[in-house]
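Visitor: Below are the structure tokens for one structure; questions will follow.
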Amino acid sequence: MVATPTRADSGQAVETFGNYIGGEWRPAAGGETSENRSPANWDELIGVFASSGAEDVDAAVAAAAEAYHTWRFSSPITRANILHKAANILEGRIPEVGRELTREEGKTLKEGIGETTRAVQILRYFAGEAQQPSGEHYPSANPLTLLYTTREPLGVVGIVTPWNFPIAIPAWKIAPALAFGNTVVFKPASLTPLTAVRFVEALADAGLPPGVLNLVTGSAANVGDPLVRDARVTAISFTGSNETGAALRKAAAERGAKLQLELGGKNPAIVLGDADLDHALGHVVSGAMMSTGQKCTATSRAIIDRSIADRFTEMLAERIAGLKVGDPLEAETQIGPLIDERAAERVASEVEAAKQAGAELLVGGGRVGNGLERGAFVAPALFAEVAPDSRLGQDELFGPVLGVIPVDSMDEAMAVANQVKFGLSASIFTRDLGKALAFAREIEAGVVHVNSETPGAEPHVPFGGMKGSSSYSREQGKAAREFFTQTKTVYIDPPPA
Ligand code: UN1
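Numbering-wise (the numbering used here), the sequence shown opens with residue 20 and increments by one.
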């Protein structure tokens, strides 16, 4: 580990972190670094990280390509053992890593610890998955032929991850990539490099051979771009914005790379007239506001039956106005900052624009004072009477903003829910089994919840969206094997007697 202590403005000792390439921690080839500051307080310097470029990407891809020759033929049991060990190591570090995640990303400490715990579970799940059958045996036209399939790795895989789940998403991409015999170049979001370093450390400390997993920190332009364009990188798995996703589609198509995209959402929660409103309230508010609304699975549209719309909207307003915004490390805080100042300004100006466009702002939406001026804080916002076809009804804001859309019938609720370009997750709250079943059948979403919030993804089931929310491939569960492997069909005939 390159750890040259430097001093922050405030005098605190700050570590410098390098890239992890070919089993060694080293500074960026050009020697450049960039600072990472807490979104809750910009005066707090978290660390100094390698600001890498094409030369570092080239070295990382070369190391991964070299390691692939051996790793691809290693026993899946060996790989499983390493993932298990990494899970145990990370588990022992949950309190520190969860806390660092919170300092770096801004979600509450409970969420930071929860997400780190989830990464441990994901590592364990894929350790088990590595030991599952990886092919099928078939009958052949020739009764003597042994005809079977195997699932083989793809090669060097580029993993490009977002800042909003800085450990869970890297875990659910990297763990299966490694479990199935690929080698990896990992480019984490430039806003959350420390959590990425901690995740890689757990795997390195578990005995992953040099070059199997390589970490390169830096910007999308200087690291992401050369990585996805590198002809030696066979596949790319990306979670992030639709804009970057669109550029990746082109880059991957041009050179025939396998591509997996997890993109945005505009996820609805439908609340019908017969729902348990207190129960629905808890789930809609948590779905919309936890992680400061920065989940691609966050609830951003509450589609409410008109018979209860006024009452439920009042309940929402009261609950949302009462959410405690503050330092995410403090136990009573429910809503931390957004990821950075730019995001906070963007969300606050989207709220203004929605007001101008005629939506009725009931609570929140402004920057927060009260000693929080040095952080990216925005008060959680609720809008009433959102027009389904307005920007607020259609576009992903990626912040703590919920819009209520009243509807007159289940049919109208379904039409509104489906009339967006996204299709990631969706919820309905009702006691009516028939309506719940109709919703599960008709909703255009990859993840469907009845009587629970839109976010959440258990590691052993497929996760991903329909329509503009993904590239139609799924992550986690058995679906991960499909993306991170390719099929080989083998015919073996006995030699002539
Ligand atoms: C979750 O809902 O817990 O970036 C996971 C995101 C999603 C992951 C959501 N890809 O928010």
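Yeah, the Cβ is synthetic: ideal placement off N, Cα and C, and Gly gets one too.
#1: Three or more C-beta pairs closer than 8 angstroms, one from the stretch 278–291 and one from the stretch 483–491: is that the case here?
#2: Would you say PHE68 and PRO195 are within 8 angstroms of each other, going by their C-beta atoms?
#3: DSSP puts GLU43 in a beta bridge; with which residues?
#4: With which residues is PRO172 paired in a DSSP beta bridge?
#5: To the nearest angstrom, report how far apart THR508 and PRO152 are at their CA atoms.
#6: What are the complete alpha helix (DSSP H) segments, minimum 4 residues, inside the stretch 448–482?
#7: Suppose the cutoff is 6 angstroms on Cβ atoms and the five residues either side in sequence are ignored; what does the same chain contact list for PRO24 look like?
#8: Counting Cβ pairs, one atom from each stretch, are 3 or more of them under 8 angstroms apart for the stretch 98–109 and the stretch 222–230?
#9: One question on the structure: do LEU163 and PRO513 come within less than 8 angstroms of each other, judged by their Cβ atoms?
#10: Between THR504 and GLU155, what straight-line distance do the alpha-carbon atoms span, to the nearest angstrom?
#11: Can at least three beta-carbon pairs, one atom from the stretch 307–323 and one from the stretch 404–419, be found at a separation below 8 angstroms?
#12: Any idea what DSSP makes of TYR510, helix, strand or coil?
#13: Are there any heavy atoms of the ligand UN1 lying less than 7 angstroms away from the beta-carbon of THR316, as far as the coordinates show?
#14: For GLY412, I'd like the list of residues in its chain whose CB is within less than 7 angstroms of its CB, leaving aside the five on either flank, ordered along the chain.
#15: Is ILE96 buried or exposed, if buried means 16 or more other CB atoms sit within 10 Å of its CB?
#16: Keeping to the same chain, check which residues put their C-beta closer than 7 angstroms to that of ALA276; ignore five residues upstream and five downstream.
#17: Are the Cβ atoms of VAL397 and ARG386 separated by less than 8 angstroms?
#18: Could you work out which residue in ASP295, PHE502, PRO228, ALA455 is closest to THR89 when comparing CA atoms only?
#19: Which same chain residues end up closer than 6 angstroms to PRO181 when comparing Cβ atoms and leaving out the 5 residues on each side of it in sequence?
#20: When you compare each of ARG330, VAL203, PRO58 to ALA81 by their alpha carbons, which one comes out closest?
#21: Within its chain, find whatever has a CB closer than 6 angstroms to the CB of LEU381; leave out the 5 residues flanking it on each side and keep chain order.
#22: Can you tell me whether ASN201 is buried or exposed? The criterion is at least 16 other CB atoms within 10 Å of its CB, across all chains shown.
#23: In the DSSP assignment, find the unbroken alpha helix (DSSP H) run with THR263 in it and report its ends.
#24: My output table needs one value for PHE92: the three-state DSSP class, helix, strand or coil.
#25: Comparing alpha-carbon positions, which option in VAL139, ALA149, LEU210 lies nearest PRO185?
#26: Looking only at its own chain, which residues have a Cβ that is under 8 angstroms from the Cβ of ALA271, when we skip the five neighbours before and after it?
#27: Determine whether the beta carbon atoms of GLY72 and ALA47 lie at a separation below 8 angstroms.
#28: With a threshold of 16 other CB atoms inside 10 Å of the CB of GLU351, please say whether the residue is buried or exposed.
#29: Does the beta-carbon of PHE441, which I'm using as the reference point, lie nearer than 7 angstroms to any heavy atom of the ligand UN1?
#30: Enumerate, from N- to C-terminal direction, the unbroken alpha helix (DSSP H) stretches of 4 or more residues contained entirely within the stretch 293–317.
#31: Measure the C-alpha to C-alpha separation of ALA250 and LEU232 and round it to an integer number of angstroms.
#32: Select from GLU34, ASP62, GLY50, GLY49 the residue whose C-alpha is nearest the C-alpha of ARG393.
#33: At the level of alpha carbons, what is the spacing between PRO347 and ARG122?
Guide: In this structure, then:
#1: yes
#2: no
#3: ILE40
#4: THR504
#5: Taking C-alpha positions only, THR508 is separated from PRO152 by approximately 15 angstroms.
#6: 452–461
#7: Bear in mind that a pLDDT of 43 at PRO24, under 50, signals an unreliable position, so the model cannot answer this.
#8: These segments touch.
#9: yes
#10: So the two alpha carbons sit approximately 14 angstroms from each other.
#11: yes
#12: Here TYR510 sits in strand by DSSP.
#13: Answer for THR316: yes, Cβ within range of the ligand UN1.
#14: ARG320, VAL405, ALA406, GLY422, ILE424
#15: exposed
#16: VAL252, THR253, ALA254, ILE255
#17: yes
#18: PRO228
#19: ALA208, THR258, GLY259
#20: VAL203
#21: ALA336, LEU401, ALA403
#22: buried
#23: Where THR263 is concerned, the enclosing alpha helix (DSSP H) stretches over 261–274.
#24: coil
#25: LEU210
#26: So the qualifying residues of the chain are VAL247, ILE255, LYS277, LEU278.
#27: yes
#28: Classification for GLU351: exposed.
#29: no
#30: 296–308
#31: So the alpha carbons of these two residues sit roughly 18 angstroms apart.
#32: Nearest C-alpha to ARG393: ASP62.
#33: 8 angstroms
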